[in-house]
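Input: a single structure, listed below in structure tokens.
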Amino acid sequence: MAKRKFQLTEAQLGELQRAFASSRDGATRTRYQAVRLYGSGYRVDEIKVITGCSRTSLMEWCRQYREQGLAGLVDQRRGGNRAKLTAEQIAALGQRLRHYTPQDLFGTQTHSPDGQFWTVEDLHRAVEQWYGVSYGSRSSILRLLGLCGFSYQRPAKVFKSRSQAKVADFEEQLEKN
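Under the working numbering, the residue at position 150 of the sequence shown is numbered 1372, and the numbers go up by one with no gaps.
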């Protein structure tokens, strides 16, 4: 077995331990711990179990630590949808959604039978049309609906082959019994 080239000095181990103890960010703490364990001689399989990281991530973090020190291990991810719409745009969108129906915008090409209620698909099309912004996931559109003051409700299932006369007869029979 080849000898590991990445080894940390006592000073570096202490630096990583102090940074780990003082950090409040979970992802950054994981990186500090993983690099410290790898530099201390722990096996990669053990580090993966302890930290939950992949081998690829571990090797990348070690490379970043060698090149940039502690600063290279700080989590730079931004998360979320990175505010594709500003707070003002979201407020304006809420007003537009109250003023217009999907039928007003798209005619008969809506995702609801009568075009009176906003669906995730219709909102996605409207946001693209009004703001030129496209969200990548359904959950982002649902969150946007909530930010605009709307709640998501599942539509009732209506069968097109359903006969209203038969339904009325059935309900009449139920009332008689």
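For glycine and all other residues, C-beta sits at the position ideal for the given N, C-alpha and C.
Closest Cα partner of residue i within the set the options
| i | options | result |
| --- | --- | --- |
| residue 1318 | 1264, 1391, 1349 | 1349 |
| residue 1295 | 1258, 1368, 1362 | 1258 |
| residue 1255 | 1246, 1272, 1278 | 1272 |
| residue 1299 | 1247, 1384, 1226 | 1247 |
| residue 1372 | 1308, 1320, 1399, 1390 | 1320 |
| residue 1228 | 1282, 1245, 1251 | 1282 |
| residue 1291 | 1236, 1347, 1359, 1368 | 1236 |
| residue 1308 | 1399, 1239, 1353, 1390 | 1353 |
Assigned exposure category for residue i - 16 Cβ within 10 Å defines buried
| i | result |
| --- | --- |
| residue 1324 | buried |
| residue 1260 | buried |
| residue 1165 | Here the chain comprises residues numbered 1223 to 1399, so residue 1165 is not present and cannot be evaluated. |
| residue 1337 | buried |
Start and end residues, alpha helix (DSSP H) containing residue i
| i | result |
| --- | --- |
| residue 1391 | 1386 to 1398 |
| residue 1313 | 1309 to 1321 |
Simplified DSSP assignment, three categories, for residue i
| i | result |
| --- | --- |
| residue 1273 | helix |
| residue 1284 | helix |
| residue 1340 | coil |
| residue 1264 | coil |
| residue 1245 | coil |
| residue 1371 | coil |
| residue 1299 | coil |
| residue 1332 | coil |
| residue 1355 | coil |
| residue 1230 | coil |
Cβ separation of residue i and residue j, assumed to be a contact under 8 Å, to the nearest whole Å
| i | j | result |
| --- | --- | --- |
| residue 1196 | residue 1342 | Within the shown structure, residues of the chain are numbered from 1223 to 1399, placing residue 1196 beyond reach of any answer. |
| residue 1252 | residue 1275 | 6 Å |
| residue 1345 | residue 1327 | 10 Å between Cβ atoms; not a contact. |
Distance cut-off 7 Å: residue i Cβ against heavy atoms of the ligand HEM
| i | result |
| --- | --- |
| residue 1375 | In the structure on display, the ligand HEM does not appear, and there are no ligands present to speak of. |
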